[in-house]
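*Asks:*
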Amino acid sequence: MPSSSLILSRRDLDFLLNEWLDVESLTKRARFTEHSRETFDAVLDLAEQIATEHFAPHNRTADENEPRMVDGKVQLIPEVAKALEVFAEAGLMAGEFDEEFGGMQLPHVVGQAVFAWFKAANVGTSAYPFLTMGNARLLLAHGSREQIDTYVAPEVEGRWFGTMALSEPQAGSSLADITTKAVPQDDGTYRLSGNKMWISGGDHELTENIVHLVLAKIPGGPPGVKGISLFIVPKFLVNDDGSLGERNDVVLAGLNHKMGYRGTTNTLLNFGEGVHTPGGKAGAVGYLVGEQHRGLTYMFHMMNEARIGVGMGATVLGYTGYLHALEYARTRTQGRPPAGKAAASKNVPTPMVPIVEHTDVRRMLLAAKSYAEGGLALGLYCARLVDDEQTAEASEDRARAHLLLEMLTPIAKAWPSQWGLAANDLAIQVHGGYGYTRDYPVEQFYRDNRLNPIHEGTQGIQSLDLLGRKVAMKGGAGLALLGETIAATTARAAGTQWAGFAADLDAAVARLGSVTATLWGAGDPDVTLANSHVYLEATGHLVVGWLWLEQALAAESGTSDFHEGKRAAARYFWRWELPRTRAQFDLLESLDRTVLDTQDAWL
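Reminder that position 591 of the sequence shown reads as 591 in the UniProt record's numbering, one-by-one numbering, no gaps.
#1: Taking only runs that begin and end inside the stretch 460-512, name each unbroken alpha helix (DSSP H) of 4 or more residues, in chain order.
#2: Using C-beta distances below 6 angstroms, list every residue in its chain close to residue 68, excluding the 5 sequence neighbours before and after it, in chain order.
#3: Give, in chain order, every unbroken run of the beta strand (DSSP E) that is at least 3 residues long and sits entirely within the stretch 269-348.
#4: Identify the continuous alpha helix (DSSP H) that holds residue 417 and give its terminal residues.
#5: How is residue 235 classed by DSSP in three states: helix, strand or coil?
#6: For residue 575, count the other beta carbons within 10 Å of its own beta carbon; 16 or more makes it buried, fewer makes it exposed. Which is it?
#7: Distance check for residue 54 and residue 335, CA to CA, integer angstroms please.
#8: Check whether the Cβ atoms of residue 269 and residue 378 sit closer than 8 angstroms, and answer yes or no.
#9: Out of 97, 477, 527 and 204, state which residue places its alpha-carbon closest to the alpha-carbon of residue 593.
#10: Going by CA-CA distance only, name the one from 321, 282, 119 and 496 that's closest to residue 248.
#11: When you compare each of 111, 449, 100 and 128 to residue 42 by their alpha carbons, which one comes out closest?
#12: Does residue 161 come out as helix, strand or coil in the three-state DSSP assignment?
#13: Using the rule of at least 16 other Cβ atoms within 10 Å of the residue's Cβ for burial, across every protein chain shown, is residue 122 buried or exposed?
#14: Would you check if the stretch 495-509 and the stretch 532-550 touch, i.e. whether three or more CB-CB distances between them fall below 8 angstroms?
#15: Can you check which of these residues, 338, 314, 570 and 62, is closest to residue 359 by C-alpha distance?
#16: Check whether the Cβ atoms of residue 274 and residue 284 lie closer than 8 angstroms to each other.
#17: Are the CB atoms of residue 429 and residue 420 within a distance shorter than 8 angstroms?
#18: Hey, would you say residue 251 sits closer than 8 angstroms to residue 231, going by beta carbons?
#19: Quickly, what does DSSP pair residue 75 with across the bridge? List them, please.
#20: Specify the secondary structure class of residue 261 as computed by DSSP and reduced to three states.
#21: Is residue 87 near the ligand FMN, with its Cβ less than 7 angstroms from a heavy atom?
#22: Have a look at residue 12 and residue 566 and give me their C-alpha separation to the nearest angstrom.
#23: Per DSSP, what kind of secondary structure is residue 194 in: helix, strand or coil?
#24: Taking all protein chains shown into account, decide if residue 416 is buried (16 or more other Cβ within 10 angstroms of its Cβ) or exposed.
#25: In terms of alpha-carbon separation, which member of 402, 156 and 99 lies closest to residue 85?
#26: Name the one or two DSSP bridge partners that residue 210 has.
#27: Once you ignore the five residues that flank residue 14 on each side, which residues in its own chain have a CB closer than 6 angstroms to its CB?
#28: If you count every other CB in all the chains shown that lies within 10 Å of the CB of residue 450, and 16 or more means buried, which is it?
#29: Residue 66: buried (16+ other C-beta within 10 angstroms of its C-beta) or exposed?
#30: Residue 531: which of 511, 333, 584 and 456 sits nearest, CA to CA?
#31: Let's test the definition: count the other Cβ atoms within 10 Å of the Cβ of residue 235 and tell me whether it reaches 16, buried, or not, exposed.
#32: Residue range of the alpha helix (DSSP H) that residue 564 falls in?
#33: Between 389, 404 and 412, which lies nearest to residue 372 when the distance is taken from Cα to Cα?
#34: Assess, as a yes-or-no matter, whether the stretch 259-269 is touched by the stretch 198-213 under the definition of 3 or more beta carbon pairs within less than 8 angstroms.
#35: Using 8 angstroms as the threshold, is the stretch 547-564 in touch with the stretch 471-479, meaning 3 or more CB pairs across them?
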């Protein structure tokens with residue numbers, strides 16, 4: 001039977017982490033020697049408890065009471081601050097960080113499983129620590145020792161929160177067109193001026209300070225993305241002793257009101273407009289991270305982490321929707337199956353049955369299960385690759401993990417953003433008319449999840465990244481490695497009940513290779529990339545099909561209802577979902593120009 005929680009399935013997490021990914025084997029590595037299966041389980045237990053008691057209860061309240069701007073400040077419901085205080089005091093902000101910062105040095109794969117509870121319980125409130133942890137990790141990777149000492153420790157403690165400030169009103173995702181300016185000063189600082197849009201967590205009163213990581217251009221630098229630099233711009237300046245100084249010239253100009261994620265304050269920020277003048281001089285004080293003009297490279301450290309994290313968020317929102325729909329289907333009685341209808345037509349009374357007895361409802365639940373559990377496997381597999389990239393003993397193993405992770409990142413972001421949302425759509429459908437009302441939470445899960453196909457790079461941007469960059473990098477080495485990795489799994493399926501699934505995956509991998517060669521052999525980048533979205537969908541379904549075969553093999557010897565459920569979902573994905581890729585590959589191989597040739601005036 002599934003977990004009694006409607007937030008996530010602890011049984012599924014245990015299966016993925018222990019029966020499949022064998023996370024306990026990571027404790028043999030130097031960084032994780034203080035850990036064991038018991039410590040991992042204890043942190044997961046704590047996460048479930050805090051998510052259940054402090055995050056889930058105000059999910060609806062935060063949705064119904066959006067952040068408000070009053071006298072230039074953000075007002076939030078008090079439950080948000082309380083939940084985040086409990087989260088930080090439990091040490092969960094520091095979970096994956098080094099011991100020197102009070103961290104537990106958890107493996108990333110365990111950290112992702114831990115944080116999944118909070119995303120599923122309350123995606124709006126969980127956005128604040130999500131951004132802060134990514135901010136701190138970027139500074140650890142690219143900041144100076146002084147910057148690390150000044151900003152990372154308070155973030156890991158949960159006293160300060162962090163953001164990423166990329167987009168601008170006129171530029172959106174086109175970062176080459178940002179205009180925020182950073183003028184160097186004699187003291188080594190910079191003065192920033194400009195506007196940033198869509199900044200999640202951009203202003204609030206939850207913490208003492210907010211550490212903005214801001215993309216800006218230094219006058220005289222190269223054009224386009226090659227002229228972008230990265231700056232730390234704190235809300236309050238920091239004195240040499242770590243205490244807070246005067247207010248920086250970062251001003252909340254307005255709040256964006258979205259259809260979902262309503263508990264996360266989303267802001268328009270003005271830098272250097274003269275409302276505050278630190279040191280009596282105009283401009284927001286900023287501190288250069290790393291070297292000039294390498295800002296986008298540094299920011300990709302946080303962006304790639306955020307992309308995988310967004311994919312996990314999309315997965316678990318779909319997952320919690322599936323669990324709610326499953327509970328509803330088991331308790332809601334309505335109608336009769338065909339045999340019961342036949343009896344009733346002969347005046348033989350038969351009771352109504354739970355709607356889970358209807359085959360079309362089971363179809364929807366099985367589809368949602370395959371999307372949710374498949375997406376969770378994808379996110380945790382990528383998290384395990386991060387651990388291998390950073391801590392594997394052999395350099396070739398680290399390099400392999402890095403290359404495979406690069407290849408999978410756009411898929412890990414985009415596939416759950418599409419199919420996790422599809423799981424939420426199905427959850428509404430299972431509820432029938434009630435699903436469309438606010439009497440049940442599934443409509444909020446859908447609204448919250450609808451942001452994720454846009455968040456941290458749209459589906460179109462991810463498709464261009466996959467087909468335009470990732471499959472072509474290093475002469476196709478990433479694509480070749482993905483094929484080899486899938487082939488190792490299909491070889492293990494020989495002689496099992498999954499041999500047919502493996503054969504279909506092998507055929508799909510071969511087709512992916514030939515289609516990719518056809519696309520890149522077209523000789524015209526516009527033609528190659530015109531159907532990149534279809535390429536992303538097909539490749540994503542192939543990858544998740546592979547991970548379902550992995551799960552089926554891991555569940556092969558299990559006899560419980562849980563293991564039977566894994567096998568049923570694997571069969572569903574094999575029979576119902578993987579065949580979608582054939583028509584998609586046909587379309588791609590034809591080099592169809594329909595979209596490319598359609599003119600604006602025809603639309």
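Glycine residues also receive a C-beta, built at the ideal position from the N, C-alpha and C atoms.
*Replies:* Looking at the atomic coordinates:
#1: 477-492
#2: 75
#3: 284-288
#4: 395-431
#5: coil
#6: exposed
#7: 38 angstroms
#8: no
#9: 527
#10: 282
#11: 111
#12: strand
#13: buried
#14: yes
#15: 338
#16: no
#17: no
#18: no
#19: 68
#20: coil
#21: Looking at this structure, you won't find the ligand FMN or any other ligand, since it has none at all.
#22: 9 angstroms
#23: strand
#24: buried
#25: 156
#26: 161
#27: none
#28: buried
#29: buried
#30: 584
#31: buried
#32: 561-572
#33: 412
#34: yes
#35: no
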